[in-house]
Amino acid sequence: LQPIFTPTSTVLELGCGISPLTALLLAPRISRYILTDQPYVSRMIHQNLEANPLPSSTASKPSSRRKRTTSTATTPSASSSLGSIQFTSLDWELDTPTPSLTGSPATRSFDAVVCCDCIYNEALVDPLVSTTADLARLRLRVQEEEEETDAEEAERSEPCVCIVAQQLRSPDVFEEWAKSFHRRFRMWRVPDELLPEGLRIESGFVVHVGILRDSKFEL
Numbered sequence: 001l002q003p004i005f006t007p008t009s010t011v012l013e014l015g016c017g018i019s020p021l022t023a024l025l026l027a028p029r030i031s032r033y034i035l036t037d038q039p040y041v042s043r044m045i046h047q048n049l050e051a052n053p054l055p056s057s058t059a060s061k062p063s064s065r066r067k068r069t070t071s072t073a074t075t076p077s078a079s080s081s082l083g084s085i086q087f088t089s090l091d092w093e094l095d096t097p098t099p100s101l102t103g104s105p106a107t108r109s110f111d112a113v114v115c116c117d118c119i120y121n122e123a124l125v126d127p128l129v130s131t132t133a134d135l136a137r138l139r140l141r142v143q144e145e146e147e148e149t150d151a152e153e154a155e156r157s158e159p160c161v162c163i164v165a166q167q168l169r170s171p172d173v174f175e176e177w178a179k180s181f182h183r184r185f186r187m188w189r190v191p192d193e194l195l196p197e198g199l200r201i202e203s204g205f206v207v208h209v210g211i212l213r214d215s216k217f218e219l
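So the sequence shown is numbered by the UniProt record's numbering: it starts at 1 and just counts up by one.
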């Protein structure tokens, strides 16, 4: 596998809440970061992004208004020469992920999907895992198209990598998530020695990485 976060990467975060912290950390390293959650989050996440702009950020309000007239789901929030952050509403139970979530006609899939502490209710497990798998399949479709057109090996896309960080609140909820996720993904737990102290298992947190089982890749 190649590095996940590169200047050309497009990353989507599930269940971002009102805090864009992960987006602000990663956006300067990549091309595009898409925040997603329920529609009611939009106003607060937009305010927090405006209060914490990316370096050299140039927010263009007229441009944002023009884009909102063509798409009510996506809100351009912050941009710079190094990357951009957008918010798009995404309901795990009602919405079907499509390439339009990338926010760019030239991009049809994601290099990574990030999920931070969204697993705290057993009722959310199946919708969350299903949505994660649907997002990863967007890249699988791109890979299949590349095979059909006999694209050069060096030009073929890497699989979508799903990164799930969670607080271990309930053993039952975690077990339910792990079983559901493992059915669809090859999964690995990130060793504690590779994590900051606050995300290690003794602190009550764990981080897993998953790749869709149908994906083609070499370790």
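Glycine residues also receive a C-beta, built at the ideal position from the N, C-alpha and C atoms.
Please name the residue, chosen from 160, 175 and 213, that lies closest to residue 206 on a Cα-to-Cα basis. 175
If you draw a straight line from the C-alpha of residue 23 to the C-alpha of residue 34, how long is it? 8 Å
Check residue 198 in the structure and name its three-state DSSP category. helix
Rounded to whole angstroms, what is the Cα-Cα separation between residue 212 and residue 131? 12 Å
Report all residues from its chain with a CB closer than 6 Å to the CB of residue 39; omit the five preceding and five following residues, and keep chain order. 89
Pair every Cβ in the region 137-153 with every Cβ in the region 97-110, then say whether three or more of these pairs are closer than 8 Å. yes
Hey, would you say residue 161 sits closer than 7 Å to residue 4, going by beta carbons? yes
Rounded to the nearest angstrom, what separates residue 166 and residue 116 at their Cα positions? 6 Å
Starting from the C-beta of residue 143, find all residues in its chain whose C-beta is less than 8 Å away, skip the five residues before and the five after it, and write them out in chain order. 156, 157, 159, 215 and 216
Can you tell me whether residue 62 is buried or exposed, with buried defined as 16 or more other CB within 10 angstroms of its CB? Confidence is the limiting factor: at residue 62 the pLDDT is only 39, short of 50, which leaves the residue's position unreliable and the question unanswerable from this model.
Tell me whether residue 9 sits in a helix, a strand or coil according to DSSP, three-state version. coil
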